[in-house]
Amino acid sequence: MVGKKDGCKVKCINDEILEKLSLKNRNKFVSTNLMSILKPDQLNFLKNTQKFYENFEKENNITHNEDFYEWIPEIGKAGLVSRVTKFGDIDLNFEQYGITTEFLRVLATDFFDPQLAIFN
């Protein structure tokens with residue numbers, strides 16, 4: 254895979270393994286491992302956030318070579334920029350907020366795109 258136009262010079266992981274490392278499979282792994290310690294509403298928030306990112310990746314044909322700044326408005330519309338506070342003063346009134354919700358949001362964001370998670 255030397256000299257491909259997408260910027261990759263060397264392919265270190267074969268296709269069979271890459272398929273198993275898909276966002277959907279990684280999300281399934283983390284959800285399964287956290288289901289015993291999360292409350293049902295927390296697990297639902299995590300799964301909904303994961304599903305948003307899976308759909309977002311598929312609908313926008315994201316390869317993760319793009320500049321993530323253009324994704325932020327759409328992610329913000331989904332209420333996934335910050336969940337530390339309820340933001341009642343600006344009428345967002347998030348039902349789920351706080352440090353646990355924020356951790357789950359960042360976890361799902363990091364699985365989707367680590368660079369976005371650092372910024373966001």
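Numbering (the working numbering), first residue to last: 254 to 373. C-beta: ideal position from N, C-alpha, C; glycine also.
Taking the Cα of Pro326 as reference, the smallest distance to any Cα among Ile352, Phe309, Asn286 and Ser289 is reached at Phe309. Runs of the alpha helix (DSSP H) spanning 4 or more residues and lying entirely within the stretch 285-316 occur at 293-312, in chain order.
If you draw a straight line from the Cα of Glu312 to the Cα of Trp324, it is about 12 Å long. Per DSSP, Lys273 is one residue of the alpha helix (DSSP H) stretching across Asp268 to Lys273. Around the Cβ of Ala331, a 10 Å sphere holds fewer than 16 other Cβ atoms; the residue is exposed.
Rounded to whole angstroms, the Cβ separation of Phe298 and Gln349 is 5 Å, and the two are in contact under 8 Å. Of the residues Pro367, Leu357 and Asp366, the one whose Cα lies closest to the Cα of Thr302 is Leu357.
For Gln349, no alpha helix (DSSP H) run applies, since DSSP gives it neither H nor E. If you draw a straight line from the Cα of Met288 to the Cα of Cys265, it comes to about 32 Å.
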